Structure formats: structure tokens, C-alpha cells
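*Asks:* I'd like to ask you about the structure that follows.
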Amino acid sequence: MDQHQHRHDHPQHPVHPLPAAPGGAVVYTCPMHPEVRQHRPGNCPKCGMTLEPLIPEATADDDNSERRDFSRRFWWTLPLTAVVTVLAMAGHRLGWIDPLKQSWLELVLSLPIVLWAGWPFFARCAQSFRHRSPNMWTLIGIGTGAAFIYSVVATVAPQLFPASFMAHGRIGVYFEAAAVIVSLTLLGQMLELRARSQTSAAIKSLLGLAPKTARRIEPDGTEADVPLTHVHVGDRLRIRPGEKVPVDGVVLEGTSAIDEAMLTGEPVPVTKRPGDTVIGATLNTSGSLVMRSERVGSQTMLSQIVQMVAQAQRSKAPMQRMADQVAGWFVLVVIGIALISLFAWGFLAGEQGWQYGLINAVSVLIIACPCALGLATPMSIMVATGKAATQGILFRDASAIEHFRRVDTMIVDKTGTLTEGKPAFDRAVPAPGHSEDAVLRLAASLDQGSEHPLAQAIVDAARARKLVLTTAVDFESSTGIGVHGRVEGQRVALGNTALMEQDGVDVSSLRGAAEEMRLRGSSVMFLAREGYLLGILAVSDPIKQSTPEAVQSLHQAGMRVVMATGDGLTTARSVAQLLGIDEVHGEVKPADKLALVDRFQRQGRVVGMAGDGINDAPALAKADVGVAMGTGTDVAMNSAQVTLVKGDLRGIARARAISQGTVANMRQNLVFAFLYNALGVPLAAGLLYPLTGWLLSPMIAALAMSLSSLSVVANALRLRAEE
4 MDQHQHRHDH PQHPVHPLPA APGGAVVYTC PMHPEVRQHR PGNCPKCGMT LEPLIPEATA
64 DDDNSERRDF SRRFWWTLPL TAVVTVLAMA GHRLGWIDPL KQSWLELVLS LPIVLWAGWP
124 FFARCAQSFR HRSPNMWTLI GIGTGAAFIY SVVATVAPQL FPASFMAHGR IGVYFEAAAV
184 IVSLTLLGQM LELRARSQTS AAIKSLLGLA PKTARRIEPD GTEADVPLTH VHVGDRLRIR
244 PGEKVPVDGV VLEGTSAIDE AMLTGEPVPV TKRPGDTVIG ATLNTSGSLV MRSERVGSQT
304 MLSQIVQMVA QAQRSKAPMQ RMADQVAGWF VLVVIGIALI SLFAWGFLAG EQGWQYGLIN
364 AVSVLIIACP CALGLATPMS IMVATGKAAT QGILFRDASA IEHFRRVDTM IVDKTGTLTE
424 GKPAFDRAVP APGHSEDAVL RLAASLDQGS EHPLAQAIVD AARARKLVLT TAVDFESSTG
484 IGVHGRVEGQ RVALGNTALM EQDGVDVSSL RGAAEEMRLR GSSVMFLARE GYLLGILAVS
544 DPIKQSTPEA VQSLHQAGMR VVMATGDGLT TARSVAQLLG IDEVHGEVKP ADKLALVDRF
604 QRQGRVVGMA GDGINDAPAL AKADVGVAMG TGTDVAMNSA QVTLVKGDLR GIARARAISQ
664 GTVANMRQNL VFAFLYNALG VPLAAGLLYP LTGWLLSPMI AALAMSLSSL SVVANALRLR
724 AEE
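Here is the structure:
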């Protein structure tokens with residue numbers, strides 16, 4: 004953050020509003036198609052997948068109605084499936100029952116399995132036709148329905164079939180295939196829903212951080228515990244040792260160490276004194292504090308972090324677009340392959356060719372379900388964004404995660420990014436004929452209209468010396484270079500050399516003194532009145548303790564680090580030399596930062612931009628990946644794709660590592676899904692039969708289909724344990 008732009012002291016995070024639900028109802032969405040939103044539970048009209056809450060309830064049981072329903076259907080019909088399977092496999096060998104009666108018994112036992120337990124699958128299959136959106140349920144419904152209907156006709160009207168279809172005294176039926184497919188699909192859905200619920204664990208843990216009550220100090224001095232929903236802006240609240248800060252606000256009384264690790268990932272408690280900001284849901288470790296609430300409800304940092312994480316989790320990675328395009332045509336291709344398999348076996352494989360053809364067609368339909376393909380990237384994104392949030396890193400969307408790993412050039416601002424952003428006044432050097440106090444008083448009078456930390460340091464120094472300040476009028480901020488205004492009827496300018504050149508002010512008399520201060524790392528501002536130089540003011544801003552380690556980590560990650568600051572070039576070089584920064588640009592305007600990003604991009608570099616001020620916003624938006632400091636301005640964070648809650652540059656290296664791990668995980672999932680179908684479909688169609696004699700049972704196909712989806716979700720969950 005550079006010369007004299009406005010800022011807010013209290014951090015706020017960028018959130019694109021989520022659709023409002025009537026009466027505060029829950030919004031449901033699809034993991035594979037985040038554009039699907041509705042205010043009731045149900046199934047996705049595009050893929051048939053169970054919808055889940057956009058933002059899960061913190062206290063919600065991991066179990067849900069869909070999983071309970073599937074579980075009930077599975078366990079009630081599992082014994083019937085077992086009996087049907089035993090009858091089909093061994094009934095004719097045991098000779099316990101007449102073959103024709105056996106077919107009728109299998110039909111009676113299979114009816115509740117297929118028509119009751121499997122009803123949700125057929126309903127979703129019908130929905131896919133109604134919405135003209137073929138998906139995994141299209142294949143399951145057609146495959147199971149074909150096997151069941153064929154078997155029913157063979158049982159009820161066996162005379163319709165040629166004698167070659169007779170085996171063991173009856174027409175061959177496949178009730179056991181339909182029953183086992185339904186049972187295994189139910190089991191797979193139960194396991195998948197359980198695993199998917201774990202991907203929202205990070206949001207649930209964030210929601211669980213918020214305290215349920217706050218201790219409010221009433222106007223008459225009495226205190227009472229009230230529900231958090233009854234806390235309003237401006238309320239005075241007491242936070243006792245060991246209690247959580249209820250909402251965002253400012254400390255009025257007391258001193259204590261606040262543990263902010265749960266939101267920022269920063270392990271060391273931060274000391275808070277009167278005037279300091281505190282974040283809701285952080286932990287007061289020692290002293291007692293009195294605070295004034297400033298942000299409540301959905302405006303608190305915690306609420307906005309939750310919304311931002313939820314939004315990122317539901318966004319689509321660019322890599323997913325390819326999978327979506329493939330899956331869209333895949334179902335139609337699979338149906339075509341199943342029909343080809345049916346007719347090829349029927350016409351070419353002799354007497355029992357049609358029976359083989361039917362079984363192979365059903366196997367193709369079942370094993371080729373594209374669920375694993377659709378889940379490949381959304382599951383990885385959900386786990387990664389949740390994990391990043393617990394480390395104080397907020398990704399705006401999935402594309403930010405996918406692109407971050409490619410960044411090779413990181414442009415960083417100085418003030419508030421490399422430095423603390425809490426500068427202290429050093430000294431003023433007056434021009435001949437003026438005093439130091441007069442220069443400081445005039446500069447502070449003008450700077451009362453600015454919220455920039457450099458300005459605040461000057462104002463605080465003047466008040467500490469008990470100088471009488473006057474109000475500036477016609478105040479105007481020239482973003483990145485300084486400010487103008489009228490003080491005591493005269494036009495005053497305060498800023499860097501670019502502002503002085505713009506106003507035609509001769510600064511040669513104090514250029515040497517300014518250069519000397521810059522060599523010591525101070526930021527230098529020139530003060531002019533009515534076009535004449537009055538003096539210079541030096542303000543120093545200490546480098547953050549974490550910055551040297553952060554720059555080193557960026558270098559280790561293979562990034563070129565470039566500093567672009569509105570400060571003088573000498574000051575910038577002094578800081579850059581201390582930190583080992585590769586390239587330095589000083590006295591740059593917002594347009595210059597934007598041009599710098601553009602120049603690097605035209606050189607073929609993938610550019611990241613880290614900053615926290617209004618003057619950084621254009622460059623943050625232009626960069627391939629913009630990184631905003633959570634301690635900076637709202638404008639900067641709304642322009643960036645990534646926000647570091649703590650404003651610690653070390654988060655960039657962590658974010659890059661998460662990006663690399665997530666993309667690798669997505670690729671593993673996609674490769675597995677493609678290979679699974681590439682190998683499974685030919686095997687199910689019987690293409691390997693002439694060479695190996697292998698045919699794939701529909702029951703084995705159903706098991707493989709369920710396990711494929713589960714394995715993709717399980718692989719995504721591995722990201723939670725990776726460092």
C-alpha cells in the first residue's frame with residue numbers, strides 16, 4: 004500500500020452474495036453442477052445426484068435423509084437379494100424346486116428389491132429423459148430394467164422364446180443380476196454419501212467456532228448473557244479469559260492475548276489493547292476485555308469466510324469443463340456400444356448368443372456410469388478449499404486453485420505487504436526559513452483527511468507534540484502519489500517526487516536530505532504550499548517479521564519476486580536489498596503497476612500480484628492470480644482471486660503447495676475415471692472373450708461402478724492429510 008490512499012482498518016473479505024432463500028431456508032446445490040440451486044432437498048435435474056446444502060449446518064448430523072432412506076431400502080431387501088442369488092446359482096443343482104416354479108419364486112422375491120428398493124434409480128432415470136440430460140441413472144435404469152423386464156417376460160410367457168433359450172428346464176432369467184445391481188448401487192450410494200459429507204468438514208468446523216452467546220454490558224452497567232443473534236452494532240461486550248470473541252469489533256478497555264489461529268492459521272497469540280480490532284470466534288487467552296461490536300451476523304469475518312469457502316467449493320475448475328463435455332456425450336456412446344454388443348452377440352454367437360448379448364449389454368450400461376468422472380474434480384476442490392481456509396488462505400474459486408501453481412513471477416507491494424503497514428514518524432526536515440514543528444503541523448492538518456497509515460503516523464506525531472491542527476478543505480487524494488487540499492486558505496500538497504513534478508515544485512534543495520533518509524529505509528514525503536517546497540517528512544515502516552522467510556519460500560518455489568511501490572526508489576532498493584528481492588520499481592503509480600503486470604504477461608510469464616491497497620486493485624485484477632492481504636482494503640480483496648486472512652506473505656507458498664497438490668489430485672481422479680471406463684467397457688462388451696474367454700457379470704460390473712465413485716471421493720479426502 005503506497006502513498007496516501009484510503010483504507011479501512013478493519014478487515015473484510017470479498018463475498019459474491021449467495022442466492023437468498025425465503026424465510027432463511029437452506030439452499031441446496033449439486034456437487035457436480037453448482038449452477039443448480041433450489042430451496043428444497045432433491046436430485047439434480049442434470050445428473051440425478053443428491054443435492055446437498057450450499058452451506059452445511061454446523062450441528063447437522065453427518066447422516067442425512069437420503070442416506071437413511073437408501074440404508075433402509077438396502078438392509079430390508081438384502082436378505083431377499085441373498086436368497087435370489089443362491090437360488091439362481093445353486094437351485095438347479097440342488098433340485099429342491101421345479102425349474103418353472105423357481106423362476107416364479109425368484110420373480111416374487113425380486114419384485115420388492117427392484118420396484119421398491121430400486122425405485123429411486125428408476126425415478127432418476129425417468130427424470131434424465133424428461134430433462135433430456137442422460138447421466139449415470141439413465142444407464143442404471145436401462146440396464147437394470149432391461150434385465151428385469153426380460154426375466155419377467157421369460158417367466159410369465161416362456162412360450163415366446165425359442166427352444167435354444169431353454170437351460171436347466173426353464174428359459175434363462177436374470178432376476179439375481181437385477182437384484183444384486185440394485186443392492187450394490189444402494190450400498191455404493193450410502194458409502195459415497197458418507198464420504199461426501201466429510202468434504203464439508205472444514206466449513207462445519209468453521210461454523211462451529213462461533214460462540215452461542217455474548218456477555219452484553221447494558222447502559223446502566225449491568226451485564227447479561229444474550230444469544231449471539233441479539234447482539235447489535237455498537238453494543239458493549241465483555242470477553243472474559245477463556246471465552247471466544249463473539250463478533251468483530253474494537254477493544255475499548257483491557258489488554259489480553261487473542262489466539263487467532265482458528266481463522267488466520269497464525270499460531271502465536273496476538274496482544275490486543277484499546278483501539279485494536281478483534282475478530283469474532285477467536286479465543287481470549289488471558290486478560291479481560293471490553294469491546295464495542297462493529298460487525299454482526301453475516302457481516303462478521305467468520306461468516307464471510309464461510310460464504311467465500313462455500314462459493315469456492317461450488318465453483319467449477321477449468322479442468323472440469325473437459326470432463327463435463329466428455330460425460331455429456333459419453334452416456335449416448337455407451338448406450339450405442341450396449342446395443343452393438345447385444346446385436347453382435349445375438350447374430351454371431353450361436354444358439355445362446357442373445358442371452359449372452361443381453362447380459363453383456365447390461366454389463367456395459369452398468370459399468371460405464373460416468374459418476375466417477377463427474378466427481379473427479381469437485382471433490383478435490385471441496386476438500387482443498389476447506390483445508391486452505393483453516394490455514395488462513397481463501398480462494399475465490401476453483402480456477403484460482405488450478406492456476407496458482409503456474410505462477411512464476413510474484414509482484415509485491417511494500418507498505419502493508421512486506422512491511423507492517425503501521426509506520427512511525429521519524430522526523431521532519433524544514434526548508435530554509437521554516438521550522439520542523441510548522442512543517443509537521445501543516446502536513447498533519449492536511450493528512451487528517453486521509454486514512455492511509457503513513458498519514459496517520461504524521462497526525463499522531465503532531466498530536467503527541469500538542470500542535471494545534473486546522474481542518475483542511477477541498478481535500479483530494481491522488482492515488483499512489485499523495486494528497487492535495489487547502490489549509491488556512493492556501494493550497495497544500497504532500498506526496499512523493501511524482502506529485503511534486505506534477506505540481507511543478509522544485510525539490511532540489513532537499514533532495515540530498517531525502518536520499519539520505521531513504522537509504523535508511525524511510526518513506527519520504529515532500530510538503531509544498533502554493534507551489535513552494537516547505538520541507539520533507541520521513542516515516543519508517545518496519546518490515547514484518549515473517550517477510551524474510553516468506554521471500555525465501557517464494558524463491559524456493561521458483562518464483563521471481565518483484566517489488567513495485569509508490570515509495571522512492573532509494574527506499575525501495577534499501578528494503579529490497581535487505582530481503583533479497585530480485586527486481587525493484589519505485590515511485591510507481593497504479594497505472595504503472597498495471598503496465599508492469601501487462602509487460603511480464605507479454606513476456607510469457609504467469610504473474611501473481613500481492614497487495615492490500617486501493618492503488619493495487621487494478622494490478623490485482625489484471626494479474627493471472629491476485630493475492631490480497633486480509634489486513635488491507637475491501638477494494639483490493641474484491642479484485643483478488645486469493646485472500647490471505649492474516650496478511651502474511653508466507654501464505655503464498657502454502658497456497659501454491661495446496662494448488663499443486665489439488666491439481667495433482669484432480670488429475671489422478673480424472674485419469675482413474677477415464678482408464679476405468681476405457682478398460683471396463685470393452686471387457687463388459689465381451690471384446691476380450693475371443694482372446695481370454697472372459698465375460699463380465701452385471702453383478703461384478705455393479706460392484707466396480709460403486710467402488711469407482713467411492714475411490715474418487717476417498718482419493719480427494721487424502722488432501723486433508725497432506726502437508
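Our numbering numbers the first residue of the sequence shown as 4 and each following residue consecutively.
Glycine included, each C-beta is placed from N, C-alpha and C at the ideal position.
Everything numeric in this text was worked out from a predicted model, so none of it was measured.
Q606 to A660, Cα distance in whole Å?
*Replies:* In the sequence shown, counting from the first residue as 1, residue 606 sits at position 603. In the sequence shown, counting from the first residue as 1, residue 660 sits at position 657. About 25 Å.
*Asks:* Give the secondary structure of K275 by DSSP, where H, G and I count as helix, E and B as strand, and everything else as coil.
*Replies:* The residue labelled residue 275 in the question sits at position 272 within the sequence shown. Note: K275 maps to strand in three-state DSSP.
*Asks:* Which partner residues of M566 appear in the DSSP bridge assignment?
*Replies:* Within the sequence shown, numbered from 1, the residue matching residue 566 stands at position 563. M566 pairs with V415 and V587.
*Asks:* So which of K469, A594, A120 and R721 has the shortest CA-CA distance to S74?
*Replies:* Taking the sequence shown and counting its residues from 1, one reaches residue 74 at position 71. Closest by alpha carbon: A120.
*Asks:* Below 8 Å on the Cβ atoms is my guess for G485 versus G498; work out the distance and round it to an integer in Å.
*Replies:* Position 482 of the sequence shown, counted from the start, is the residue given in the question as residue 485. Position 495 of the sequence shown, counted from the start, is the residue given in the question as residue 498. Correct: roughly 2 Å between the Cβ atoms.
*Asks:* When you compare only the Cα positions, how much space is there between W332 and L368?
*Replies:* Here residue 332 corresponds to residue number 329 of the sequence shown, with the count starting at 1. Here residue 368 corresponds to residue number 365 of the sequence shown, with the count starting at 1. Rounded to the nearest angstrom, the two C-alpha atoms are 14 Å apart.
*Asks:* Which residue's Cα is closest to the Cα of T80: P115, S711 and G51?
*Replies:* What you label residue 80 is simply residue 77 of the sequence shown in a count that begins at 1. With distances taken between Cα atoms, T80 lies closest to P115.
*Asks:* Pull up the DSSP beta-bridge partners for G647, would you.
*Replies:* As a first step, residue 647 must be located in the sequence shown, where it is residue number 644. For the record, residue 647 in the displayed sequence is Leu; it is not Gly. BP columns for L647 point to I396 and M632.
*Asks:* Got a sec, what are the start and stop residues for the beta strand (DSSP E) Y535 sits in?
*Replies:* Counted from its first residue, the sequence shown places residue 535 at position 532. Y535 -> beta strand (DSSP E) spans Y535 to S543.
*Asks:* Quick test of your reading: A560 and I340, contact by CB under 8 Å. State the CB separation rounded to the nearest angstrom.
*Replies:* The residue given as residue 560 occupies position 557 in the sequence shown. The residue given as residue 340 occupies position 337 in the sequence shown. That belief does not hold up - the Cβ atoms of A560 and I340 are roughly 45 Å apart, past 8 Å.
*Asks:* Would you tell me roughly how many angstroms separate the C-alpha atoms of F478 and D450, rounded to the nearest one?
*Replies:* Mapped onto the sequence shown, residue 478 falls at position 475. Mapped onto the sequence shown, residue 450 falls at position 447. Their Cα atoms are separated by approximately 9 Å.
*Asks:* Can you name, in chain order, every residue of its own chain whose Cβ lies under 7 Å from the Cβ of V229, other than the five neighbours on each side?
*Replies:* The residue you call residue 229 lines up with position 226 of the sequence shown. Here the set comprises T216, A217 and R219.
*Asks:* Is it true that the CB of L597 sits closer than 8 Å to the CB of P621?
*Replies:* Here the question's residue 621 lines up with position 618 in the sequence shown. Here the question's residue 597 lines up with position 594 in the sequence shown. Yes; because the gap between Cβ atoms is below 8 Å, this pair is in contact.
*Asks:* Under a three-way DSSP split, which group does Q729 fall into?
*Replies:* Any property of residue 729 remains undetermined from this structure, which presents the chain solely from 4 to 726.
*Asks:* Can you tell me whether Q130 is buried or exposed? The criterion is at least 16 other CB atoms within 10 Å of its CB, across all chains shown.
*Replies:* For the purposes of this step, residue 130 is taken as the residue at position 127 of the sequence shown. Under this definition Q130 is a buried residue.
*Asks:* Is P34 near S68, with beta carbons less than 8 Å apart?
*Replies:* Stepping through the sequence shown from its first residue, residue 34 is reached at position 31. Stepping through the sequence shown from its first residue, residue 68 is reached at position 65. Taking 8 Å as the Cβ cut-off, P34 and S68 do not qualify as a contacting pair.
*Asks:* Decide if H42 is buried, meaning its Cβ has at least 16 other Cβ atoms within 10 Å, or exposed.
*Replies:* Here residue 42 refers to the residue found at position 39 when the sequence shown is read from its first residue. The residue in question, H42, is exposed, as its Cβ has fewer than 16 Cβ neighbours within 10 Å.
*Asks:* Pick helix, strand or coil for D440, following the three-state DSSP scheme.
*Replies:* Residue mapping note: residue 440 aligns to position 437 of the sequence shown, counting from 1. Correct three-state label for D440: helix.
*Asks:* Skipping 5 residues on each side, what residues in its chain have a beta carbon closer than 6 Å to that of T274?
*Replies:* As a position in the sequence shown, residue 274 is number 271, starting the count at 1. Taken in chain order, the residues that qualify are A260.
*Asks:* Can you tell me whether L57 is helix, strand or coil according to DSSP?
*Replies:* The sequence position of residue 57 within the sequence shown is 54, counting from 1. Three-state DSSP puts L57 in coil, outside helix and strand.
*Asks:* For D65, name the three-state secondary structure that DSSP assigns.
*Replies:* In the sequence shown, residue 65 corresponds to position 62, counting from 1. Note that D65 has pLDDT 48, beneath the 50 cutoff, so the model's placement of it is unreliable and no number is given.
*Asks:* Applying the 10 Å Cβ sphere with the 16-neighbour rule, what's the burial state of Q493?
*Replies:* Here residue 493 is taken as the residue at index 490 of the sequence shown, counted from 1. Answer is exposed; the Cβ neighbour count stays below 16.
*Asks:* Within the same chain, show all residues whose beta-carbon is closer than 8 Å to that of L537, passing over the 5 residues directly before and after it, in chain order.
*Replies:* By one-based count along the sequence shown, residue 537 stands at place 534. Hits under 8 Å: P433, A434, H437, A441, V442, L445, L530 and A531.
*Asks:* Which of the three DSSP states, helix, strand or coil, is assigned to R173?
*Replies:* Reading the sequence shown from its first residue, position 170 is the one you call residue 173. Reduced to three states, the DSSP call for R173 is strand.
*Asks:* Apply the 10 Å Cβ neighbour rule to G268 and answer buried if 16 or more other Cβ atoms are within range, or exposed otherwise.
*Replies:* The residue you call residue 268 lines up with position 265 of the sequence shown. At G268 the pLDDT is 49, less than 50, meaning the model places this residue with poor confidence; the figure from the coordinates comes in the next sentence. Classification of G268: buried, given that the 10 Å Cβ count is 16 or more.
*Asks:* Would D416 pass as a contact of A613 if the rule is Cβ separation under 8 Å?
*Replies:* The residue labelled residue 416 in the question sits at position 413 within the sequence shown. The residue labelled residue 613 in the question sits at position 610 within the sequence shown. Their beta carbons are under 8 Å apart, which means D416 touches A613 by this criterion.
*Asks:* V236 by DSSP, collapsed to three states: which one?
*Replies:* Residue 236 sits at position 233 when you count from the first residue of the sequence shown. Correct three-state label for V236: coil.
*Asks:* Whose C-alpha, out of D411, K649 and T84, is nearest the C-alpha of M702?
*Replies:* Position 699 of the sequence shown, counting from 1, holds the residue named residue 702. Considering only alpha carbons, the answer is T84.
*Asks:* Just to check my reading of the structure: S113 and A181 have Cβ atoms closer than 8 Å, yes? What is that Cβ distance to the nearest angstrom?
*Replies:* In the sequence shown, counting from the first residue as 1, residue 113 sits at position 110. In the sequence shown, counting from the first residue as 1, residue 181 sits at position 178. Indeed they touch by this definition, with Cβ atoms about 6 Å apart.
*Asks:* Could you check whether the region 577–590 touches the region 549–566, counting it as contact only if at least three pairs of C-beta atoms, one from each stretch, sit closer than 8 Å?
*Replies:* The region 577–590 is in contact with the region 549–566.
*Asks:* Please list the terminal residues of the continuous alpha helix (DSSP H) segment that includes T216.
*Replies:* Here residue 216 refers to the residue found at position 213 of the sequence shown. No alpha helix (DSSP H) contains T216, which is instead part of the beta strand (DSSP E) from T216 to I220.
*Asks:* So for G485, helix, strand or coil by DSSP?
*Replies:* In the sequence shown, counting from the first residue as 1, residue 485 sits at position 482. G485: strand per DSSP, three-state reduction.
*Asks:* Do you know offhand how far P214's Cα is from V462's?
*Replies:* Here the question's residue 214 lines up with position 211 in the sequence shown. Here the question's residue 462 lines up with position 459 in the sequence shown. Approximately 38 Å between the Cα atoms of the pair.
*Asks:* Looking at the structure shown, is T422 part of a helix, part of a strand, or coil, going by DSSP?
*Replies:* Against the sequence shown, residue 422 aligns to sequence position 419. Three-state DSSP puts T422 in a strand.
*Asks:* When the Cα atoms are used, what is the spatial distance from I174 to F346?
*Replies:* By one-based count along the sequence shown, residue 174 stands at place 171. By one-based count along the sequence shown, residue 346 stands at place 343. C-alpha separation (whole angstroms): 19 Å.
*Asks:* For G389, write down the residues that DSSP places opposite it in a beta bridge.
*Replies:* Taking the sequence shown and counting its residues from 1, the one referred to as residue 389 is at position 386. Paired residue(s): none; G389 is not in a bridge.
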